[in-house]
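Colleague: Residue numbers (the numbering used here): 16 to 129.
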């Protein structure tokens, strides 16, 4: 009896297979950690929510760094998935996590709140 296997077996693992994939996961984790920390600091009244980013420069820098790591996570995740064929679910999740702060900022800009 001849057994025919798939030419391209599904090798979706949790560990990134490429260096770019590991960078994407690290940047996605940094983005998620920064968002959680900023939400916790607001929930426990450690910082006051400024009216605009110009009112509190530390809050503005923190927000811009979240946005920058989100964009970097999208870029490195896309390179890992498209060019390096890294099919790790962590790379896909990191790329999706990078979209969240970018999408939130764009929705705020469309609504005219920025």
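Glycine included, every Cβ here is placed at the ideal spot set by N, Cα and C.
In whole angstroms, what separates the C-alpha of residue 82 from that of residue 119?
Modeller: Each residue's Cα considered, the two are about 10 angstroms apart.
Colleague: For residue 66, I'd like the list of residues in its chain whose CB is within less than 6 angstroms of its CB, leaving aside the five on either flank, ordered along the chain.
Modeller: none
Colleague: Reducing DSSP to helix, strand and coil, say where residue 37 ends up.
Modeller: helix
Colleague: Thinking just about the alpha-carbon of each residue, which of 101, 87, 50 is nearest to the one in residue 41?
Modeller: Checking every option, the nearest Cα to that of residue 41 belongs to 87.
Colleague: Looking at the structure shown, is residue 88 part of a helix, part of a strand, or coil, going by DSSP?
Modeller: Residue state, collapsed to three classes: helix.
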